[in-house]
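Take a look at the structure set out below.
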Amino acid sequence: MLAVRDVTVAFDGHRVLDHVSLTAEAGEVVALLGPSGSGKSTLLRVIAGLIDPDAGTVSIDGQDVTHLPTHRRGVGLVFQDEQLFPHRDVGANIAFGLRMQGVDRATQTARVDELLALVGLPGFARRAVTELSGGESKRVALARSLAPRPRVLLLDEPLTGLDRELHDRLAGELADILRASGTTAVLVTHDREEAAAVADRVVTLDGADSVVVELTAAETHDLRRAVLRTGTPSDEVVLPGDDDPATVHLGLRDDRGRVVATSTWRPRPAPHEVGGGGAAAVQLRMMATDPALQGTGLGGRLVEAGVAWAFSRGADVVWANARDTAVDFYRRHGFDVVGASFVTESTGLPHHLVVRHRPR
Amino acid sequence: MTRSTGHGARNALPARLLGALAIGPAVFLGVFYLWPFVTLLARAAGVDDGALGVLGRAATWRVVWFTTWQAVLSTVLTIVIGLAPAYVLARFRFRGRRLLGGLLTSAFVLPTVVMGAAMLALFPPSLERGVLAILAAHVTFNLAVVVRTVGAVWRHLPEDMEAAAATLGAAPGRVAREITLPLLWPAVLAAASIVFGFTFTSYGVVRVLGGVARSTVEVEIWRRATQLGDIGGAAVLAIGQLLVIGAVVAWSTAQQRRHTRALDLRARTRRRRPRAGRERLFVAATAAVTAAVVVAPLVALVERSLRTRTGHSLEAWRTLGRPELRRGIRVGVDPLAALGHSATTAAVATILAVGLGALAALAIAAAGRHGRWLDVGLMLPLATSAVTIGFGMLITFDQGPFDWRASWWLVPVGHALVAVPFVVRSVLPVLRGVDPGRLAAAATLGAAPARAWWEVVVAHLWRPLLPAAGVAAAISLGEFGATSFLSRRGGETVPIAIERLLGRTGAVLQAQAYALAAILAAATIAVVILLEPPEERVDALTRAGTDARRS
Chain A
0 MLAVRDVTVA FDGHRVLDHV SLTAEAGEVV ALLGPSGSGK STLLRVIAGL
50 IDPDAGTVSI DGQDVTHLPT HRRGVGLVFQ DEQLFPHRDV GANIAFGLRM
100 QGVDRATQTA RVDELLALVG LPGFARRAVT ELSGGESKRV ALARSLAPRP
150 RVLLLDEPLT GLDRELHDRL AGELADILRA SGTTAVLVTH DREEAAAVAD
200 RVVTLDGADS VVVELTAAET HDLRRAVLRT GTPSDEVVLP GDDDPATVHL
250 GLRDDRGRVV ATSTWRPRPA PHEVGGGGAA AVQLRMMATD PALQGTGLGG
300 RLVEAGVAWA FSRGADVVWA NARDTAVDFY RRHGFDVVGA SFVTESTGLP
350 HHLVVRHRPR
Chain B
0 MTRSTGHGAR NALPARLLGA LAIGPAVFLG VFYLWPFVTL LARAAGVDDG
50 ALGVLGRAAT WRVVWFTTWQ AVLSTVLTIV IGLAPAYVLA RFRFRGRRLL
100 GGLLTSAFVL PTVVMGAAML ALFPPSLERG VLAILAAHVT FNLAVVVRTV
150 GAVWRHLPED MEAAAATLGA APGRVAREIT LPLLWPAVLA AASIVFGFTF
200 TSYGVVRVLG GVARSTVEVE IWRRATQLGD IGGAAVLAIG QLLVIGAVVA
250 WSTAQQRRHT RALDLRARTR RRRPRAGRER LFVAATAAVT AAVVVAPLVA
300 LVERSLRTRT GHSLEAWRTL GRPELRRGIR VGVDPLAALG HSATTAAVAT
350 ILAVGLGALA ALAIAAAGRH GRWLDVGLML PLATSAVTIG FGMLITFDQG
400 PFDWRASWWL VPVGHALVAV PFVVRSVLPV LRGVDPGRLA AAATLGAAPA
450 RAWWEVVVAH LWRPLLPAAG VAAAISLGEF GATSFLSRRG GETVPIAIER
500 LLGRTGAVLQ AQAYALAAIL AAATIAVVIL LEPPEERVDA LTRAGTDARR
550 S
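Heads up: the sequence lines are chains A and B, in that order.
Per numbering that gives the first Met the number 0, numbering of the first sequence is gapless, rising by one per residue and ending at 359.
Per numbering that gives the first Met the number 0, numbering of the second sequence is gapless, rising by one per residue and ending at 550.
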């Protein structure tokens, strides 16, 4: 299982990744979708340990690998331009990772043959990599990365640069191969169809094309329900006061108009710990994000939009009951934690009261 | 070109024109290279105790042994030390990157005698004449070879290929051993064979720094020919050395061919800024150390030119024009006159080399396949050490009716012989790059073959000639090998004067030698840089260096 948390990467002062999180369950194939420049490849390189994140962590199977060098992470990476070693033949390329593990020769040979069969190139072991066609090179690159049985396989636009027909055929084969080998994988692509064909789940890394809009209570409930169904812990679907005319539901729609994130803002006095007695207060009730887009910064955009909305309508304080695991998220958005941890009745989970005051 | 591209024999240049172009360079090559070379062969064959007898002497073997091990050690050191700056310059973007490249190539074009003088100035008296100083000079000279040859391939080696090995579980050392080095190997071999060629035939550096005890084969050829009068022995050594260098070049070419990998040479890794703190530190340290290695000898040179027994003064610079040490006492070397001789010699040699080189390039380009003979012939002086060239000319033109030894022009002719291949090499690619379709177009517009050639091809001759002239001038200014045989008393060039002055005692004379060396260093670097369009400067420096080194 792969877990990327709050990863931030900046090059020359420009943030390529801004608090990005991503998870992939064991055996799950996740596609990372997004236009070029959205930081997809950078995220893969952070996972592989080729780029050190400025903040955030990467863990694999529960082990924090953020500070582990690449060669000890057990992460395979299929490069867009394959990066086959030109001074070694096909077999030696595929056996490279096995050799690094100190696997004996006979086992190497057997595994190479097995993988060549898996990628549909039996008998190619003694070929020079410089004589391979584009499609063959891609297959060899995939076989080479799979050979040492990586804990996570990363694929960086592995099918880019092929003609349409070959691309579609290989996409199908790739999906089959990943299933057959039971590999946890993250596939970076800019091609929605490819993502849908290969992956179990699609994550869009760039929320920039979605816009903050006011939603109906029903729309908000629909997404909450969807989130609940896919197993993301959530309290309940319908909260008291959702239909109150003073309550506002802010959400994000993607470029097809689908609701991908919701948040609910209800004018409501703050608990007495907040102080300031009669100050006008708004409660942030509940946030839900499409599972495919979780960790892509949508929640942050909604919080900022909602806080701005509340302050613009005269609120002095925005507050929320934040689940313990979300406290850091709120801190990053200017909230302070007030008082001790408490357990809410509806969830039975520990929460903190978090507050953001209107700037003077 | 017309014939080889085959748009009809009728459209070919008239044979007479081709002949007229080729005759000058061919005669020059025949008289001043081939004839002396044949003489040399004859003298080597005519040795009393036979060529094997010369090679069998213990004294010969001592020289050969020293020549070999210092060359091997110099080569290994240069490669090992040069890999870090090669990597840093190829992979990273940082402030002063171009300056560092320029410094390295500047060191590369320094005349050998100047580099020798700089090391004398840099090292403490206990070490100044010895193996350490020789090795230091060789390494400083040749760092540019490694940086450019290996660096060029390193730029084409994608960082992602190393990343791929890392994701497959290879630790950094393993990545270097399994991926980086094997892919760089042909370039390392190429650099090593160039450096070995330079250091095996090292002459000026060893003359200055070797003292009496240390002789390379080159120095031994000079010693036997001019000091001991053992012409036959010297001839045997010259031929033997030529065979060794030929063998090394052949071996390394074969090796490079065997190990060459299909790296995608179109893809260049973009230079990036160093990222992590450790990487930044490594880049900064490498750049600083490399710059220090190159700059320190030059600074020492200037400092020593200002040093007197009691402190520092401009005395040596002021007295450059005074040939008399004290009234009535002459040292036999006139520094100011030497500067004049060098300027005249360089001017004549440059005109000769550029003229002959241009004619030869035109002839070779126009003659197509048949031009190959002239092409190969004109490259021969490049493969022959400058000492061998000078020596051959000395023993050929020392008797009537061709006793030209007293002629002032023999020195610039020798220089031109060394410089012509470089002129040809810089002009020929430009001429060959002219699209033959344009000749056809000119013909259809009514231009006769000779006219079409003049309008279309010759028009491209001028641009590469200017940098070629700079290279030729730099070669002539620093030439020491051939000159040490051909120089007349009273006609000394600056490198000869420097070597003489360094051999004298007396603080002022020493300081004068360093002052002359500083002037020569500045002149050589300036002449190459000034005559070169900016983007091609570094390339020109390297080309020039390959050449200047031979003196």
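C-beta: ideal position from N, C-alpha, C; glycine also.
The structure presented is a predicted model; accordingly, all values stated were derived computationally and were not measured.
- For B:W68, the uninterrupted alpha helix (DSSP H) segment begins and ends at 57-90.
- Within the stretch 275-300 of chain B, A275 place their CB atoms closer than 9 Å to a CB of chain A, listed in sequence order.
- For the pair B:G356 and B:A467, the CB atoms are nearer than the 8 Å cut-off.
- Where B:V248 is concerned, the enclosing alpha helix (DSSP H) starts and stops at 230-258.
- B:R15 counts as exposed, since fewer than 16 other beta carbons sit within 10 angstroms of its beta carbon.
- Counting C-beta pairs closer than 8 Å gives three or more between the stretch 80-93 of chain B and the stretch 272-286 of chain B, which meets the contact rule.
- For A:T41, there is no enclosing beta strand (DSSP E); the enclosing alpha helix (DSSP H) covers residues 39-47.
- Following the DSSP letters along the chain, one finds A:H356 inside the beta strand (DSSP E) bounded by residues 349-356.
- B:V194 is the residue among B:L351, B:V194, B:A352, B:A418 whose C-alpha sits nearest the C-alpha of B:S251.
- For a cut-off of 8 Å, the C-beta gap from B:V455 to B:A441 is around 5 Å, short enough to register as a contact.
- When the alpha-carbon of A:H332 is set against those of A:R312, A:A287, A:L297, the nearest one is in A:L297.
- Straight-line spacing of the CA atoms in B:A496 and B:G52 works out to 36 Å.
- B:T289 and B:F140 have their C-alpha atoms some 12 Å from each other.
- Under DSSP, A:S58 forms a beta bridge with A:A2, A:D63.
- Counting the other CB atoms within 10 Å of its CB gives A:T295 a total of 16 or more, which places it among the buried residues.
- Non-local beta-carbon contacts of B:F401 in its own chain, meaning distances under 8 Å to residues more than five positions away in sequence, involve T395 in chain order.
- At a beta-carbon threshold of 9 Å, none of the residues of chain A lie near B:G469; the nearest stands roughly 38 Å away.
- As DSSP reads the structure, A:F341 sits in a beta bridge with A:H350.
- Just measuring C-alpha positions, the residue of A:A2, A:V354, A:L158, A:A225 sitting nearest A:S136 is A:L158.
- Judged by DSSP in its simplified three-state form, B:V207 adopts helix.
- Annotation: Cβ neighbours of B:G168 in chain A (cutoff 7 Å, chain order): H70, G96, M99, Q100, P147.
- In the three-state DSSP reduction, B:Q509 falls in the helix class (H, G or I).
- Restricted to the stretch 358-443 of chain B, the alpha helix (DSSP H) segments that are unbroken, complete and at least 4 residues in length are 371-382, 385-395, 409-431, 435-443, listed in chain order.
- Looking at the DSSP output, A:N320 shares a beta bridge with A:L352.
- Within chain A, the residues placing a beta-carbon under 9 Å from that of B:A162 are R44, A47, L49, T69, L76, F78, Q82, ordered along the chain.
- Neighbours of B:D159 in chain A, taken as residues at a C-beta separation under 8 Å, are given in chain order as F78, D80, Q82.
- The Cβ of B:R256 sits no closer than 8 Å to any Cβ of chain A.
- Assignment of A:A142 by DSSP, reduced to helix, strand and coil, places it in the helix class.
- Using a Cβ distance threshold of 8 Å, B:L182 and A:H86 count as a contacting pair.
- For B:L167, the three-state secondary structure derived from DSSP is coil.
- Check the Cα spacing between A:E172 and each of A:R143, A:Q282, A:G119: the tightest is with A:G119.
- Leaving aside the five residues that flank A:E156 on each side, the residues in its chain whose CB is nearer than 8 Å to its CB run, in chain order, S40, Q79, V187, T188, H189.
- Beta-bridge partners of A:D155 (DSSP): A:V187.
- Residue pairing from DSSP leaves B:W461 without any beta-bridge partner.
- Looking at the DSSP output, A:M286 bridges to A:S262.
- Where A:V15 is concerned, the enclosing beta strand (DSSP E) starts and stops at 13-23.
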